[in-house]
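Shown next, in structure tokens, is the structure this report addresses.
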Ligand code: NAD
Ligand code: UFG
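Residue numbers (my numbering): 1 to 359.
Right, dumping it as structure tokens:
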């Protein structure tokens, strides 16, 4: 496959946070699209085993993957990596991402997410690597006044995590205004779920999962007793919250489309795209689809609403479709099938049951 303007030469992409959930799936798609990939990750929320499996899945292209265990807050370590490799572009996934934890530990979130992003941008700037894909989030829409969310909606941050995303978007905008050589794509993800269809890589959260589908999956394999449904009195079809779930492989492909755009369009500036399916699914609909895919019953109880949750969020997808030529291919059925395949093959995640809590 050709990779844009410099297509005679294989391009090298730095992927920060590439051992994590979305990162590992994206690294696999990059390898399969013939990119060379260097991952940096401090393994604070991931394990190296994920990358070993990615390399295996990539077959002979697995040789194009290298990994450095470094913390992006360590600028010298990052500079050393840029010293030995010339990167054509960077995809920046690394960061802390749990909303509740960010409220409890704001300093950790501000320090980690800001310092790592600033270090990365400074080193990229110094080395003349000025193409970036940044992992943003639908969280920057706050409590949207309407759905679907279009990219020009007003933005707001409701918690420290959201503020780190919103502020990083603004830093990227400023960077491009100050130096138009920068080409940046901000991708606002909706709700990533599922796993690679092989069942070899997937999401493996530490501790009690914050998000719906990892929790459902752990109930299905017997690690948790029941799902707490956060409220059934929202103004939605069945009273439960509605979200735009997107298959992680579709999301990963969205990054390849964004990279190709960066390579091909010199005046892209700092552009922003939603990555979602444009379809809303309720908690109960998602649980029913997972029960069907897995053949398991998911016991549930309805509890109070979770503070800060909105009733309904889903993406407008036209901009990504028209400008990136990217559209999500998978529906809820495939998402639940692949989530279950991963769970069934790896009920305790990558590293078995050691030191993992239960119930
Ligand atoms: P993840 O935790 O699985 O992956 C993030 C990776 O970054 C981890 O491997 C972690 O070890 C690494 N990391 C964190 N701080 C680091 C540092 N200082 N130096 C080096 N590595 C560091 O999370 P994910 O779900 O794959 O999310 C990837 C990105 O997408 C994050 O920026 C997240 O905020 C964003 N995002 C995620 C979601 C979601 O629901 N998963 C939604 C919207 C946006
Ligand atoms: N939910 C439950 N029980 C649970 C977990 C979730 O009922 O145990 C419900 C929530 O109330 C919500 C839906 O399931 O209605 C989805 O919740 P998630 O926690 O899976 O996802 P959110 O939409 O709340 O947030 C996620 C990420 C954020 C990101 C946002 C938008 O966690 O970081 O998507 O991309 F900002």
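Don't be surprised by glycine CBs; every beta carbon is placed ideally from N, CA and C.
- Bounds of the beta strand (DSSP E) holding residue 41 are 36 to 41.
- Secondary structure of residue 330 (DSSP, three-state): coil.
- In this structure, residue 93 and residue 16 form a Cβ contact; the two beta carbons are roughly 6 angstroms apart against a cut-off of 8 angstroms.
- Relative to the non-hydrogen atoms of ligand 2, the Cβ of residue 74 never comes closer than 6 angstroms to any of them.
- The continuous beta strand (DSSP E) containing residue 69 extends over residues 65 to 69.
- C-alpha of residue 347 to C-alpha of residue 314: approximately 30 angstroms in a straight line.
- In the displayed model, residue 131 falls within a strand according to three-state DSSP.
- The nearest non-hydrogen atom of ligand 2 is less than 6 angstroms from the C-beta of residue 230.
- Comparing C-alpha distances from residue 58 to each of 19, 113, 98 and 29 shows the shortest one belongs to 29.
- In its chain, beyond the 5 residues on either side, 238 and 240 have a beta carbon closer than 7 angstroms to the beta carbon of residue 284.
- In this structure residue 9 is exposed. Its beta-carbon is surrounded by fewer than 16 other beta-carbon atoms within 10 angstroms.
- Annotated three-state conformation of residue 13 is strand, per DSSP.
- Contact annotation, residue 191 with residue 243: C-beta distance approximately 5 angstroms; criterion of less than 8 angstroms satisfied.
- By the Cβ-count criterion, residue 107 is exposed, with fewer than 16 other Cβ atoms from all chains shown falling within 10 Å of its own Cβ.
- Exclusion of residue 163 from the 6 angstroms shell around ligand 2 follows from its C-beta lying no nearer than that to any non-hydrogen atom of the ligand.
- Between the C-alpha atoms of residue 328 and residue 287 there is a straight-line separation of about 21 angstroms.
- Comparing alpha-carbon positions, the option among 45, 167 and 143 lying closest to residue 307 turns out to be 143.
- 32 is the residue among 46, 73, 225 and 32 whose C-alpha sits nearest the C-alpha of residue 56.
- Per DSSP, residue 196 is not a residue of any beta strand (DSSP E), being assigned neither H nor E.
- Not one heavy atom of ligand 2 sits closer than 6 angstroms to the Cβ of residue 17.
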